[in-house]
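Numbering (this note's numbering), first residue to last: 0 to 69. Just below is one structure, and these are the notes that go with it.
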């Protein structure tokens with residue numbers, strides 16, 4: 000139960016941070032920049048099973064994610 004509470008509190012902290020998307024790695028991973036600290040972070044979106052760049056439709060998945068984010 001303690002782990003679950005910790006994970007909920009850490010999600011709330013991230014939700015309060017102001018970030019800007021600066022790059023897309025593949026169909027489910029992006030790089031964001033924290034506005035306060037200017038620290039880049041890689042973020043992988045959970046519950047999305049997008050193909051990797053080297054797999055079939057990988058580049059198409061990346062392009063669709065770019066269109067959705069930017």
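Note that beta-carbon positions come from the ideal geometry of N, C-alpha and C, so glycine has one too.
- Within the same chain, 31 come within 6 Å of residue 40 by CB-CB distance, once the 5 residues on both sides are set aside.
- For residue 62, the three-state secondary structure derived from DSSP is helix.
- With a threshold of 16 other beta carbon atoms within 10 Å, residue 61 meets it and is buried.
- Excluding five sequence positions before and after residue 23, the CB atoms of its chain that fall closer than 7 Å to its own CB belong to 29, 61, 64, 65, 68, given in chain order.
- Looking at the backbone, the Cα of residue 35 and that of residue 44 are separated by about 22 Å.
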